[in-house]
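Step one of this worksheet: look at the structure below.
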Amino acid sequence: MKTGIKLPRPSSGGYALLMVLVIGAVSLVVLAATMSRTGSVALQNDRNNQYVANINAAEAAVEKVFARLAYDFQQGGLATVSANLSLYRTNVPTASENSYWSQFGFSDGQGNANRVYVAKKSDYTGPLPSQYAGLFARNAPLYRVLANVRATTGPYKNMTNAVQEDVLLALIPLTQYAIFYNGLLEFSTCAPMIVNGRTHANGSIYVGSSSTLAFNGTVTATDTIGSPANNGSGPWTFPGNVSFNGSPSRKTNVPTVRVSINMTNTHSLIDFPAAGVTPGSDAGQQLLYNQAHVVLLVSNTTVTARIQAAPSTYQVPGEDTPIVMAQSWTNGSSPLTVQTLISTNFPFLTLTNTFLDQRENKTVLATQIDVGKYNQWITTNASVLTKFPAGSGMHPTILYTADCRTNTSSQLSAVRLANGVVPPYNGGRGWTLATPNPLYVLGNYNCPNSGHLASTNTSATYPCALMSDALTILSPSWRDSTSFTSSDTGQTPTGSAITINAALLTGIKPSSGNTTATFSGGVHNLPRLLENWTSSRYVWLNTSILNLFNSTKATGQFITPGTGSYYTAPTRRFSFDNNFLDYTKVPPGIPCALAAIRVNWATPPPNNVTYDVTP
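Residue 606 in the working numbering sits at position 491 of the sequence shown, with consecutive numbering throughout.
What follows is the structure, encoded as structure tokens:
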């Protein structure tokens, strides 16, 4: 008999419980992980939100500094910016402006609370960013503005973030414009003209004419560009015979382009310094009188020359202790005696020339400078060589001349340049003549290669500028003696072809209405003419035309050529000199437009002021 033992079967309920426990444990792990992840994401979002808030606060501090710095730059130039650096460094957003800013603490990255880092980084010469395509800056300072910010409340109050941007204070020589007017610019009733360069007016631009007018560079105006009735003619349709071929073609209502002097008193650039204006002051440094290396003053009984060189890199020649040369004579001395006396020290100077300016209807008493002889004088005169030793690389590039002789209501004191076909080279820096008087240029000017006369070829010219109250061109055929007589059609004697290669910064007699009798003459008559030219005779002018002010001494009204006028119009060949787009060929003393440009925005590591953006 076999006996078996029957074992009990395990209960299935135990396995089920075990599975539940296992699944429950896994679920708890998953839940814990999910909650942990959710918590981490929330914390990360909070941290990111605080980061964004810090960055925005730091950017607000940087932009607050930029706004003040840019304003000071355009109002007072580089000297004002340099003088106000300590002020900019305290320009942080404050709770008094908005309670929001109480949540943040600002620092300059160098351990100084409630400060922004502002310091000059370097100087820059070269092309400007794309919004200024085609223009360049020369010796433009680059300033770094940087703010560090941390929250003063909340879980991330120890987190610090920073924003920086470099600010280029661009000095843009005005000769990069083919035509620049600090006011109304009129092409009204002009002859056919092609403008191969930028054109700008701090005002409106009038382009109405029956002749063709082509702008091959960008045209900008702070007001409007149109063709209203003007000079007793019109109205014309717009654009009519005008073509705008630049890229972009034209813009209106653009900001005023400023130079580092009061734009309502720009004639002061060529005037004597006002009482109390020192050479080293913000205003004093802008004046051609203080920038000049030779200051030549003519009075009734004395000629005085000041020879001066800038004492240091950041000073102007007017801050130097000059070498003074002088020659005096007795009031009433004969012209021959006066000329004999002054020729000893100033062989380039003549004070005996007189002629009639029929536009001004005045006899001109001219301080005449023989440019060729002046060029020899500055390279051989002992006093000049004391300040500018041969081989030193220093050159007297600017001559400031003023004729201060008293005259009657029928006379006009002026300066005239003659024999200027080869002006001073000055080691390639060129030469500028500046005067508060009307200026006359007799004969071809700045054409060292005679084969380039009567052409737009400026490959052999020197960087030159003529700055004056007004500018009149006299042809090689001009004779002083016959200027007092009427000939041809009532004008002074017949003119002959002439070539002038220089930037022109000069004044105008502005329009006082829209009739023929109240017209300025337009940009084509900014260089004045006196002779009977006729269309078969040519005036070649390779230039940059800059009008910053109205004439205060030569104020005779423009008269349309014809019967009773003082000139007959030539065929004008005005062209922009592309040499001026090369920063090494900007004429001495040319004023610069001021543009504060943001570059190289970045979020550097906290408390680091040397972080640079890499391409």
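From the three backbone atoms N, C-alpha and C, an ideal C-beta is built for every residue, glycine too. Keep in mind the model is a prediction, meaning the values are calculated, not measured.
Asked: Reduced DSSP category for H639 - H, G, I as helix; E, B as strand; rest coil; Found: helix
Asked: Strand pairing of L133, partner residues [DSSP]; Found: Per DSSP, none; premise fails for L133.
Asked: Limits of the unbroken beta strand (DSSP E) element including Y292; Found: Y292 to Y296
Asked: A684 versus K179 - alpha carbon distance; Found: 54 Å
Asked: Identity of the residue in A669, N657, D518 and S598 nearest Y682 by Cα; Found: S598
Asked: Limits of the beta strand (DSSP E) - the one that S443 falls within; Found: I438 to S443
Asked: Proximity winner among A185, Q442, N160 and R652, relative to N199 (alpha-carbon distances); Found: A185
Asked: Host alpha helix (DSSP H) of P256 (start-end); Found: Taken as a continuous stretch (DSSP letters only), P256 belongs to no alpha helix (DSSP H), being part of the beta strand (DSSP E) at F251 to A266.
Asked: Extent of the continuous beta strand (DSSP E) to which V654 belongs; Found: Y653 to T658
Asked: Extent of the continuous beta strand (DSSP E) to which S237 belongs; Found: Y232 to P242
Asked: Extent of the continuous alpha helix (DSSP H) to which Q526 belongs; Found: First-last for Q526: Q526 to A533, but that is the beta strand (DSSP E), not the alpha helix (DSSP H).
Asked: Cβ neighbours of S458 in the same chain (closer than 8 Å, five flanking residues each side left out); Found: L464
Asked: Cβ-based neighbour list, N715, same chain, cut-off 6 Å, excluding 5 preceding and 5 following; Found: D281 and V728
Asked: Proximity winner among V372, V439 and T516, relative to T501 (alpha-carbon distances); Found: V439
Asked: Alpha helix (DSSP H) segment containing G487, residue limits; Found: V486 to T495
Asked: The stretch 205-221 in contact with the stretch 263-275 per 3-pair CB rule at 8 Å; Found: yes
Asked: Helix, strand or coil at E103 [DSSP, three-state]; Found: Outside the shown range of the chain, which is 116 to 730, sits residue 103, and nothing can be said about it.
Asked: CB-CB length for N534 against V486, believed under 8 Å; Found: 5 Å
Asked: Sheet register partners of D472 (DSSP bridge); Found: K477
Asked: P676 - containing alpha helix (DSSP H), residue span; Found: No alpha helix (DSSP H) holds P676; DSSP gives it neither H nor E.
Asked: Cβ-Cβ distance between N561 and A617 below 8 Å; Found: yes
Asked: Entirely enclosed alpha helix (DSSP H) segments - the stretch 360-413, minimum 4 residues; Found: 403-406
Asked: Cα-Cα separation between L661 and G298, rounded to whole angstroms; Found: 11 Å
Asked: Inter-residue Cα distance where the pair is T455 and N415; Found: 16 Å
Asked: Rounded straight-line distance, which links the Cα of L384 to that of N377; Found: 10 Å
Asked: N-terminal and C-terminal residue of the alpha helix (DSSP H) that L456 is part of; Found: P450 to N460
Asked: Rounded Cβ spacing between L403 and A549 (contact assumed at less than 8 Å); Found: 4 Å
Asked: Between the CA atoms of P354 and P363 - distance to the nearest angstrom; Found: 16 Å
Asked: Residue environment, S201, which counts as buried when at least 16 other CB atoms sit within 10 Å; Found: exposed
Asked: Start and end residues, beta strand (DSSP E) containing S690; Found: T686 to F691
Asked: Span separating the alpha-carbon of T314 from that of R687; Found: 18 Å
Asked: Beta-carbon gap between P578 and G545 smaller than 8 Å; Found: yes
Asked: Buried versus exposed call for E212 [16 or more other C-beta atoms within 10 Å across all chains shown]; Found: exposed
Asked: Among P720, L527 and F302, nearest to N476 - alpha-carbon criterion; Found: L527
Asked: The stretch 287-296 in contact with the stretch 694-713 per 3-pair CB rule at 8 Å; Found: yes
Asked: DSSP state of L193 mapped onto helix, strand, coil; Found: helix
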